[in-house]
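These notes concern the structure reproduced below.
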Amino acid sequence: MTPDQPPFRDPQLPRAARVDDLLGRLGPDEKTALLHQYAPAVERLGVAAFRTGQEALHGVAWMGPATVFPQAVGLGATWNEDLVRRIGEAVSTEVRAMRTRDDRVGLNVWAPTVNLLRHPWWGRNEEGYAEDPKLTSAVAVAYTRGLRGDHPDFWRTAPVLKHWLAHNNETARDTTSSSVRPRVLHEYDLRAFRAAVEAGAVAGVMPAYNLVNGRPNHVSPHLRAHLRTWTDQELLVCSDAGAPSNLVDSEAYYATHEEATAASLRAGVDSFTDHGTDASVMTARIRGALERGLIDENDIDTAVRRQLTVRFALGEFDPGLDPYADITPEDGWDTPQHRALAQEAAEQAVVLLKNDGLLPLAAGRRIAVVGLLADECKLDWYSGTLIHRSTPLDGMRERFGADRVTFAEGADRVRLRAAESGGWVAVPGPGTPEAAHTTARGAQGALDPALLAGRTDLPPLTRTERDADAAELALIDWGGGILTLRAADGRYLSVAEDGYVRASADQPGGWVVQETFRIEEHRGGHLLLHLGTGRYVSVAADGLKVADRGERFEIVITERGEEAVARAAADADVVVVVAGNDPHINGRETEDRDTLALPDQQDRLWRAAHAANPRTVLALTSAYPYAVADAHTALPALLWTAHGGQAAGTALARVLAGDVSPAGRLPQTWYAADTDLPGLLDYDIIGGRQTYLYFDGAPLYAFGHGLSYTSFDYDDLVVDPPGALGATVRARVTVTNTGPRASDEVVQLYVREAAPRPHSPHRRLIGHARIRLDAGASRTVGLTVPTADLGHYDVAHGAWTVPAGTYVFEAAASSADVRCSVPVAVEGESPRPRPVVKNGLSAADYDEQTGTAIVDRTKISGDAVTPLHGSGELLFSHCDFGDGVAAVSVEVAGEGSVEISLADAGAVAFFDVPPTGGGPYDYTTLRAEAPLTGVAGLRVTLNGPVRLARIGFGD
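In our numbering, the protein residues as written are 152 to 1106.
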């Protein structure tokens, strides 16, 4: 260190000392400014500006052209941690490379999303890896290790996990509360985050918009009670966009923004993403909270220290030592290796759902490639801009020859006649050569793509009297009556800020999609409702525009899509129908689905193809599962892949041709019908019987399902008993490729209790391995599992426990295809009754419930239980009253009644709860005589808007 060099610039000092030195040199206003997402430079100290948050879910997003890998759910379907780690390395390398030419690209990456895919209606299903916490954790550890890099001191990028906690609905996502019982919290939701944090490859987490047990995630006590106990590392907690303001504006959880900001800062939020690039609002709130004594300088210092620690790890203060500082676009962006990796990932993500021998396709066949996604390479909200693009049609023509492949999209072809104004709707030319060659929306990158405006450089649609000039539009119904209309030049009808309707969009997209419409019947014709503005398409003198009153149109169908598909199918040897979703429509961030059904138009297309040619393959390309029971019954072959990124079409074609034997496996259950699902807001996977863990019905396709072009035998499963608690379980199974082709196989290891306790999972995934075997080859696969993974959260004693007993270990090809099993005796804890005399009962620690929700005991911590619809019940099993108690007490707020009964007998105590008067957190304790002895179950009945926090027992 030179005499004029401050200690924070000295790489020989411990990092913590350097952070503290820099922290001590910052003034109060400089520290406060660092707490906003857009932290300004501190020029007097030579500290650069810094931005938290670079989206990188499956490639660098929002910053222009980048390598686009398969969606996250597709990466989950690979069940391949080595592959996902390499993708993480590629993505973070491109982040570094792109930053050298655009300093808006940030090194604090907000990825991956580890929310579990509990319910397939969730709009953001595409962002998660799996419905299972073990698989999700494995993939997340791999991706974050790739993003971080393997240098012991410096990080290539700093990953932030999303979204803490129990977040699986977009419907009213900032005001709904997820009721999460302790077992679900510890056995399910927390486990999705824990492994990646403990692996040391995570820089922080992002709280979700929703509430959990009545309390917003941005003031979650679990950040301190759990997250920060999993590591000694200084984790950076970044708020979600606008969520700090939601604490007051939409959730009304606090009366003032100063109180809300103070509460979130003290709970552990370190960086506030709010009001875009304008930091003044949040910094004023922080100063206001400080002036009111709601926080102190130590609270601010703690948050700033966490951010600075991340910045030091990213090499900001050691540019000469940072091993990743010299990555350039020439050696780190769109490299041949990245292109090959994108194709490998897309190939490994394909899941063969059914095959009656039609696949792989024989050489020399005439193939009809049909369907609404047959010539599409769809992106989602968190994609980068494509550099390379391969649609299924492109891939099939390249693989089989353009002369052997025909195409029919299957869109309805329509013309629109203005019934009131007269004439036809026409699409004028681009107007200028420059307008005709304008690049796609977002191609140059945007820190907030939600702010990208629609194009106004093209002329609006017009009205013409000439039949020959009438525009023929491709009409697609994406489900639920949500339509897009596309002109002959491939551009979608869209509405810009000036309200005019133009054929101007390359694809539907944007935060508020401006390319979707709905048809409404009206006086013998149809109104065209533009969904983005909520206004109707009208005909004005200078063109079509949206207005409060719309034009009545006659829709003239020139060709039904199924007619074109049937013609193509009848003229081919085999048909490939490519169906699925557009990731910006019907299921996306801000928008959940309400059905598993394939949209009607696409359902008609596969049926038309099959009627014309029984040799029909259905290839589903989607961000989520569908209920396609009829297709499964009728068709000889079905596949699924998530939207596969830039190499999607090439990958699908290679799988269909047999160049690649499919080995993707489903990362979530595919249910047969909507009736198999609980409500979207039912977060109790145990009581709601959700996911493969608890679902009691027969799924269409099970978790872990996936077929191959070969066959595998499993033999000689051996499991070494763990011996003592704290050890590991080691399992070995021999897998043999008994078929004619080399292929990957995903070996899955499950465990279940031989004598299951009440409400235990049917089976749980505890390990897996994706292996490669040549035809006829065998391999012994070894898996090591911590003994603790056999356990569960014991609500009776508030701890994780592994009960003594016999556990059945199962080597399987899916959760429903167990190939061999072996019982193993495991030493552990003996069952014990609840020590209720000593500890009482926390109301949320029930064994069963009906009609209740968990709510916040206070705004800071704790849980209570309240009825959902006027009344509800709780059941507590095996309560030990010892030699006897004489009285029972309840800690309650609100008003109503509480009745306590023995589970197999009558009531023992009744409490009439008068209004407590001080709001939902004004608790009072009521006592009643109730002689109880021995061990028994208790049933608690709640009536009215009462909140029950605890039940006590004594003399």
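Ideal placement from N, C-alpha and C gives every residue a C-beta, glycine not left out.
*Kindly confirm or deny that the stretch 796 to 806 and the stretch 469 to 485 touch, where touching means at least three C-beta pairs closer than 8 Å.*
no
*Candidates Val331, Glu338, Glu277 and Pro474, of which the one nearest Arg299 by Cα*: Translated into the one-based positions of the sequence shown, residue 299 becomes position 148. In terms of Cα proximity to Arg299, the closest of Val331, Glu338, Glu277 and Pro474 is Pro474.
*Taking Pro954 as the reference, which of Val987, Asp940 and Ala963 has the closest Cα?*
Residue numbering aside, residue 954 sits at position 803 when the sequence shown is read from its first letter. Among Val987, Asp940 and Ala963, the Cα nearest to that of Pro954 is on Asp940.
*Proximity winner among Ile1051, Ile538 and Trp951, relative to His943 (alpha-carbon distances)*: Position 792 of the sequence shown, counting from 1, holds the residue named residue 943. Measuring from the Cα of His943, the nearest candidate turns out to be Trp951.
*Is it the case that the Cβ atoms of Leu634 and Leu624 are separated by a distance below 8 Å?*
Here the question's residue 634 lines up with position 483 in the sequence shown. Here the question's residue 624 lines up with position 473 in the sequence shown. No.
_Looking only at its chain, what residues have a beta carbon closer than 6 Å to the beta carbon of Thr887, apart from the 5 residues adjacent to it on each side?_
Along the sequence shown, one-based indexing puts residue 887 at 736. Cβ neighbours of Thr887 beyond the five flanking positions: Asp864 and Ser929.
*Are the beta-carbon atoms belonging to Val224 and Glu282 less than 8 Å from one another?*
For the purposes of this step, residue 224 is taken as the residue at position 73 of the sequence shown. For the purposes of this step, residue 282 is taken as the residue at position 131 of the sequence shown. Taking 8 Å as the Cβ cut-off, Val224 and Glu282 do not qualify as a contacting pair.
*Just the Cα atoms here: how many angstroms apart are Pro216 and Pro818?*
In the sequence shown, counting from the first residue as 1, residue 216 sits at position 65. In the sequence shown, counting from the first residue as 1, residue 818 sits at position 667. The alpha-carbon atoms of Pro216 and Pro818 are separated by roughly 29 Å.
*Roughly how many whole angstroms lie between the Cα atoms of Pro470 and Ala476?*
Locating residue 470 in the sequence shown gives position 319, counting from the first residue. Locating residue 476 in the sequence shown gives position 325, counting from the first residue. Answer to the nearest angstrom: the Cα atoms are 7 Å apart.
*So, is Asn449 buried or exposed, given that buried needs 16 or more other C-beta atoms within 10 angstroms?*
For the purposes of this step, residue 449 is identified with residue 298 of the sequence shown, where counting begins at 1. When all chains shown are included, Asn449 counts as exposed.
*One or two residues paired with Trp315 in a DSSP bridge*: Working through the sequence shown from its first residue, we reach residue 315 at position 164. Beta-bridge analysis with DSSP links Trp315 to Pro358.
*Decide if Gly1021 is buried, meaning its Cβ has at least 16 other Cβ atoms within 10 Å, or exposed.*
By one-based count along the sequence shown, residue 1021 stands at place 870. Gly1021 is exposed by the Cβ-count criterion.
*Sort His377, Pro358 and Arg375 by Cα distance to Asn368 and report the nearest one.*
The sequence position of residue 368 within the sequence shown is 217, counting from 1. Looking at the Cα atoms, Pro358 is the closest of the given residues.
*Buried or exposed: which applies to Asp895, given that a residue is buried once 16 or more other Cβ atoms fall within 10 Å of its Cβ?*
By one-based count along the sequence shown, residue 895 stands at place 744. The residue in question, Asp895, is buried, as its Cβ has 16 or more Cβ neighbours within 10 Å.
_On the CB-based measure, 16 or more other CB atoms within 10 Å of its CB, does Thr826 come out buried or exposed?_
Along the sequence shown, one-based indexing puts residue 826 at 675. Its Cβ having fewer than 16 others within 10 Å, Thr826 is exposed.
*Which stretch, first to last residue, makes up the alpha helix (DSSP H) that contains Gly175?*
Within the sequence shown, residue 175 is the residue found at index 24, counting from 1. It spans Arg166 to Arg176 - the alpha helix (DSSP H) in which Gly175 sits, taken as one unbroken run.
_Close-in-space but distant-in-sequence residues of the same chain around Ala654 (CB under 6 Å, 5 per side omitted)_ = In the sequence shown, residue 654 corresponds to position 503, counting from 1. Around Ala654: Val578, Ala638, Arg642 and Leu644.
*asked:* Spatial neighbours of Ala168 within its chain, please: C-beta separation below 8 Å, excluding the five flanking residues on both sides.
replied: Your numbering for residue 168 matches position 17 in the sequence shown. These residues qualify, in order along the chain: Pro158.
*Rounded C-alpha distance that separates Pro179 from Pro776*: On the sequence shown, residue 179 is found 28 positions in, with the first residue counted as 1. On the sequence shown, residue 776 is found 625 positions in, with the first residue counted as 1. Cα to Cα, Pro179 sits roughly 51 Å from Pro776.
_Sequence-distant residues of the same chain with beta carbon closer than 6 Å to Val348, five excluded per side_ = The residue given as residue 348 occupies position 197 in the sequence shown. If we look at Val348 and ignore the five residues flanking it on each side, its Cβ neighbours are Trp381 and Thr382.
_Reference Asp1106; option with closest CA among Pro1066, Ala1038, Asp1055 and Leu1093_ = In the sequence shown, residue 1106 corresponds to position 955, counting from 1. Closest option to Asp1106, Cα to Cα, is Ala1038.
*asked:* By the DSSP assignment, the beta strand (DSSP E) with Pro937 in it spans what residues?
replied: The count along the sequence shown starts at 1 and reaches residue 937 at position 786. Following the DSSP letters along the chain, one finds Pro937 inside the beta strand (DSSP E) bounded by residues Ser929 to Pro937.
_Inter-stretch contact (C-beta, 8 Å, three-pair minimum) for the stretch 1046 to 1053 and the stretch 1081 to 1098_ = yes
*N-terminal and C-terminal residue of the alpha helix (DSSP H) that Ser415 is part of*: Within the sequence shown, residue 415 is the residue found at index 264, counting from 1. Note, Ser415: alpha helix (DSSP H), His408 to Ala418.
_Close-in-space but distant-in-sequence residues of the same chain around Gly1069 (CB under 6 Å, 5 per side omitted)_ = Stepping through the sequence shown from its first residue, residue 1069 is reached at position 918. Closer than 6 Å at Cβ, skipping near neighbours: no residue.
_CA-to-CA distance, Pro750 to His783, given in whole angstroms_ = Your numbering for residue 783 matches position 632 in the sequence shown. Your numbering for residue 750 matches position 599 in the sequence shown. When rounded, the distance between both Cα atoms is 16 Å.
*What does a CB cutoff of less than 8 Å around Ala748 pick up in its chain, not counting 5 residues either side in sequence?*
Translated into positions along the sequence shown, residue 748 becomes position 597. Gly630, Asp754, Tyr777, Ala778 and Asp825, listed in sequence order.
_Within a Cβ cutoff of 7 Å, which residues of the same chain sit near Phe423, ignoring the five residues on either side of it in sequence?_
Position 272 of the sequence shown, counting from 1, holds the residue named residue 423. Cβ within range, chain order: Leu186, His187, Gln188, Ser390, Pro395 and Met433.
*asked:* So, at 6 Å on beta carbons, what are the nonlocal neighbours of Gly839 in its own chain, with the 5 sequence-adjacent residues on each side left out?
replied: Numbered from 1 along the sequence shown, position 688 holds the residue referred to as residue 839. So the qualifying residues of the chain are Pro829 and Asp833.
*Looking at C-beta atoms only, is the number of pairs between the stretch 1023 to 1041 and the stretch 1071 to 1078 that lie closer than 8 Å three or more?*
yes
*Quick one: what's got a C-beta closer than 7 Å to Leu164's C-beta in the same chain, skipping five residues either side?*
By 1-based counting over the sequence shown, the position of residue 164 is 13. Excluding residues within five positions, the ones whose Cβ falls inside 7 Å are Pro158.
*Between the C-alpha atoms of Leu868 and Val242, what's the straight-line distance to the nearest angstrom?*
Taking the sequence shown and counting its residues from 1, one reaches residue 868 at position 717. Taking the sequence shown and counting its residues from 1, one reaches residue 242 at position 91. Whole-angstrom Cα-Cα distance: 38 Å.
*Look up Phe704 in the DSSP assignment and say whether it is helix, strand or coil.*
What you label residue 704 is simply residue 553 of the sequence shown in a count that begins at 1. In the structure shown, Phe704 sits in a strand (DSSP, three-state: E or B).
*Pull up the CB-CB distance for Gly274 and Glu740, whole angstroms please, since I reckon it's below 8 Å.*
Residue 274 sits at position 123 when you count from the first residue of the sequence shown. Residue 740 sits at position 589 when you count from the first residue of the sequence shown. Their Cβ separation, rounded to whole angstroms, is 6 Å, which keeps Gly274 and Glu740 in contact under 8 Å.
*Assign Thr479 to buried or exposed, taking buried as 16 or more other Cβ atoms, counted over all protein chains shown, within 10 Å of its Cβ.*
In the sequence shown, residue 479 corresponds to position 328, counting from 1. Under this definition Thr479 is an exposed residue.
_According to DSSP, residues forming a beta bridge with Phe1062_ = Your numbering for residue 1062 matches position 911 in the sequence shown. Looking at the DSSP assignment, Phe1062 forms a beta bridge with Val1049.
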